[in-house]
Structure formats: C-alpha cells, structure tokens
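Numbering (the working numbering), first residue to last: 524 to 1128.
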RNA sequence: GGGGGUGUAGCUCAAUUGGUUAGAGCGCUGCCCUGUCACGGCAGAGGUUACGGGUUCGAGCCCCGCCACUCCCGCCA
C-alpha cells in the first residue's frame, strides 16, 4: 500500500507514529521558513509540515514548488500540534505530520477553476464543471452526493433482498415499441434496416418475469428516453424497478413505505412516519390543483360553484352554466403583487385556455382604517357573495384572491399552477418558509384509467395500457370509459413525483378490450407490438403489479439539490451532450458502411 | 419546435447605461516572510468583451444573425 492511513484518520493518539499518507495538495501555506501543506483524499484532510531545518534542501524546494491538486505521498512522524495552533474546523485539526520524505506522484497543471474554496467552486459555471467533471467531483459536496447515492443503492438492494426480491438484469438492446417516449435506436449490422431500441423502462420484461414465476423482481435499471431535458430529466436515468406477483395495491404501498423509511434512515438518519397519507386523484386536484401536491404549505383551492351559480357576474355564472366550476385561492400576504407578477399568472391561466385571471387585492383603504377590495370584478358581486368569499377564504388585509372559472379539471389545474407560483414569490419575499427537513410523503390513487384525445377522437391510457381497472369498474369499460378508475398509484414527496406504478391486467380478454375497443389499436398491430406479451399471458400469468421510483430524483431530494445533474457522476447537458467527452460525435464512413447507413443531413461546420 | 436568462482575464464578477488606455478579487509568475490553516506583504504577466454582420464620429453596451450553457412550455404511454 502506498499509505498507512487516510487523510481523516490521524488523531492525538497517533502521536509519535511514523505514517505514510497520499493524496492531493489541497492548499499550501508557505511562510518562508516553515511550509504547511494540507493533504486531501476522499475521507478528509490532514496538515503536513515541512521544516527546512529538518529536511534535505531538495525535498524542501520540491515542496515549495507544488501546485494545488498535485498528487503526492509523504512519510513522517505524527505529532500533536503546538498549543494554540490547533484547527477545530477539521477532525484532524489536533495533529499534524512532520514530513521526512516526499514523493510527487503526479504534478498538476494550473486548474481551470478553483476547487479548494467550496463557496467559490459552487458558483462556477456548470459548463466548465461538466467539461472538467473529474475536478468537480473532487469537491467534498460532490463526493458526498456520490457517497450518499452509493449508500442508498446498497440500502435498497439489501432491503429488497430481505423482502425476498430477486435482482434480475434485463436487456438494454430491446425492441422498438413506438408508444410513449421517443426512443434511442441502435442499428443492427447483421440485418440492414432493422434496429434495436434502448428501453424507456424494463416494463415489458418485468411483467414477463412474473409469467416466468420470479414472483418478486427488482432492478436498479438504466432507462433511456430521447425527449427534451429538464433539471430533473436526463436522456439516461436510473429507476428502482419493482414487480410482484399475487398482490394487491396495499402490498405495494407497504413495501414502498418500508423502503423509503429505510432509505431516509440510512441517508439522513430521519424517521419517516408510515403509513403515508392517501389522496384520490379527485381530492388532489380539488384541494391542490395538481396530481402531485406539495402539502407542506396551505393555500388550498376553495370551491364557490354554488355561491356563484346565479351570480350577475356573467363570467362566473356562464362557466357554471356550461358545466364548469368556480374556484379560488387565497395567497396570504401577496396583495402587493406587482403588475408583472399578475401578468405572469394571467399568462399561466391563458395557457390553459382561460380568457383571463380574476383577482382581488385586499388592501388598506384610502382612509387608512378600513379594508378595501381592489379588483376590476368586485363591483359585480352581491353582499352575500362577498360574505361567502370572506368567510370561506378567511380574507384579511394583505391577501390576494385569485379565481378560476372553467371546466373542473382545467379550473383546478390553473389554480394549481398559480398556487405554486405564489408560493415561490412568497418564499422569495421571506413570507413563506418551509422546513428543509420536512418530507410530506403521500400516495395519489384512483386515477382515471383513460383520458380522451379530442384531436384524434380516441381514448388513451393515462398511465400505460397494461394498467388494470379497479375491479368494480370493469363493466363501465364498455358503457362509460371515462368513469373507470385505474389501479394506478403515484408516490409523491414535497410536490415531486417520486414514482408510480399499477396493478397490471393479467386477463387476456380485458387486455384485448383495452387495446382494440378503447385504444383502437388494430388487432394486427397489437400483435406486432405486444404479441409476445399477449402470447406469454396465455400460459399462466399470475396477477401482478409493480412500481418504479426515479432513483436520481430520490437522491436529489436526499441531497437537497433541485438538479439531478448534481447526483449523476457524468450527466449530460440540456441538449444531451457530454461536454467532457464531446459526445455525441460523428463516426467514420467505414462505420456507417458497416451499418448500411447514409447520413442525409447537411454537414455542420 | 417555442419563450425567458446568461456569455467580459484561467475562475467569479464590475465597467457611472454609447465616450479616452475595459477594472477588481481569487488563481498564475517572481521576490519577501519560521506556526499558518481562505496565511500575509510587494511586484508582474494575463483581454479577438462567445462568434459573424450592421447602425454610429465612436459599440462590451444599440440592432440583426448565430453558437453554447441554463430555466420553463410543448414533449416525457
């Protein structure tokens, strides 16, 4: 071994021992005579002392020339630091190593950015951090993220093993199934014109594994989707993929609650209370206007449909007459919203097809004593209507009331977006604070199985076509598909969708109804795309279901970062490129020829 | 595909809103300094203001285009 201890190991008890350490030059403090070098490795750092009175001149001179991040190995004697020079900021601060020997293992060139100052390094442009990712990853914050990710992966594996699950790997060279996300394609050299696709998820393989009798499957599976990226979306990402046989929804809930309890305990030493709250899709929309509510703050949606049914304010009464609803939220403390902020919210409403956004600013009146409702619409309201608003929204001075009048889903979603926007504004103003250690876990259940696509005039699966309907709703499939609830569940924490899954259809006739009658996929196409699955299901398919958790998002939440790039060792940019390796990149004419491919796009300069 | 933001020294940022020779901190180079730990002090080098056009007597700043990074919408069964 090139070292006897790591850089976070030496304590006063080691005094007198001769040790060898190796690592990176974290910082150098040359006082002209004595020279200090902080040596850093993965575990921490240790101060080493070079004393010219005690060292050959060549060794001391070599030490004075060392650059930050050069890799060195030193040997010397551990000693307690002289009284008054201890450093309480680091765990090894009571001791230092008096260097006798120095070996420069690798001399570092001047750095493209500093990594020894955490605050400065965190502000460095991400473009440069990605280009020199190996330097970025040396920063303790990034090392911590990698370490936490590893711990959670291992905790997940051991929990799943304890629960009787088998870890099974599934192919990444898969069949193209052009439903859902756009796929990455891999040309097949052996038969020109045919392609593999990288899987969007191991969905079909894991269901086949249930037919195989595996009963309990899991995998930390790499998934690939060729869609545009976001802070929480990468073209390749990792899922904790799970599938079980002979179970109901309740079994999945308790399994995942146990897993997350274990993960939070392992990663943060936090005890997560279980079971988690459960919300129906309807309730989530009704109260928070979104199917992944952040319940760490209030500002819930309040319904005023009955109060305004006969209103002389035609915008509201008209929406209700057309079968819609009137809902409102109270953004407490936001009466001082700027014109720009109101404008932003109005644009949000309009993007959902609303004509505008009705609001009331509740401010101190001109006389300074009474409270005045400043709003273009309040003149249309009766006293009874105003009274209802005051009571149900608990209106007081400083409030901003925002309305949506539209079809139920649309009205909810508009206010759901605006609620989150208001929360951001209030957070920025310091009027809303959320405990960073608070985690509001909840299940959202009873999603509608199907949605209706007006443009294509057909139904589509709101989750995926293998999701089982709630048993008692099966008769409705042929009479009133809209009312059919799916056995689908999402796990949500703090407004982030951590994962989702469903109990699957295991009866071929139900599956056939979904494919052919509702999704209107022609039988021959069904056979082409899913034939092997339907075939497999003919030979004894157990009832089964599963779930997939976004592992990168999970780690990001645990690390307290909003970008999953911070928890992936080598992430890609928003355009899907790798700045370190400069990929994707062109290939040789020969490679293309081997694949029988021709590039038709104009060459870029 | 659409919208917003950013791009000035190796890094992080300034540049009095179109006006003389584009500055600072850190880093880098050299010198000084024997108890520092973001060591300190002195001196120095370092710029095609992302790139390409345009307007102007004059552009880092205004206009057009383009590239990269980033955030959002669409998209992500």
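Each residue gets a CB set at the ideal place from its N, CA and C atoms; glycine is no exception.
In this structure, residue 539 sits away from residue 623, with a CB-CB distance that is not shorter than 8 Å. The beta-bridge partner set that DSSP reports for residue 992 consists of 1009.
Beta-bridge analysis with DSSP links residue 546 to 595. For a cut-off of 8 Å, the C-beta gap from residue 598 to residue 548 is around 16 Å, too long to register as a contact. The continuous stretches of alpha helix (DSSP H) do not include residue 895, which lies in the beta strand (DSSP E) extending over residues 894-897.
Taking the Cβ atoms as the reference, residue 857 lies roughly 7 Å from residue 948, within the contact range of under 8 Å. Residue 679 carries a helical assignment under DSSP once its states are collapsed to helix, strand and coil. Contact holds between the region 1093-1103 and the region 646-659, because three or more Cβ pairs, one in each stretch, are under 8 Å apart.
Burial is judged here by how many other beta carbons sit within 10 angstroms of a residue's own beta carbon; residue 834 has at least 16 and is buried. For residue 935 against residue 812, the beta-carbon gap comes to about 4 Å, under 8 Å, which counts as contact. Residue pairing from DSSP places residue 767 in a beta bridge opposite 739 and 1068. Residue 587: member of the alpha helix (DSSP H) spanning 580-587, first to last residue. Your pair residue 933 and residue 876 checks out as a contact, with CB atoms roughly 7 Å apart and the cut at 8 Å.
Taking all protein chains in view, the Cβ of residue 524 is surrounded by fewer than 16 other Cβ atoms within 10 Å, so the residue is classified as exposed.
Under DSSP, residue 746 takes part in a beta bridge, and its partners are 760. The way I'd put it, the region 1056-1068 does touch the region 1016-1030; three or more beta-carbon pairs between them come closer than 8 Å. The beta carbon of residue 894 is closer than 8 Å to those of 885, 886, 887, 888, 919 and 920 in its chain, skipping five residues each way along the sequence. Counting along the chain, no beta strand (DSSP E) covers residue 557, and no H or E run does either. In terms of Cβ geometry, residue 533 and residue 618 form a close pair [threshold 8 Å].
Residue 760 is positioned such that its CB atom lies no closer than 8 Å to that of residue 1089. Under DSSP, residue 826 forms a beta bridge with 850. Counting every other CB atom within 10 Å of its CB across the protein chains shown gives residue 984 a total of 16 or more, marking it as buried. Here DSSP, grouped into helix, strand and coil, assigns residue 933 to helix. Between the alpha carbons of residue 709 and residue 864 lies a distance of about 47 Å.
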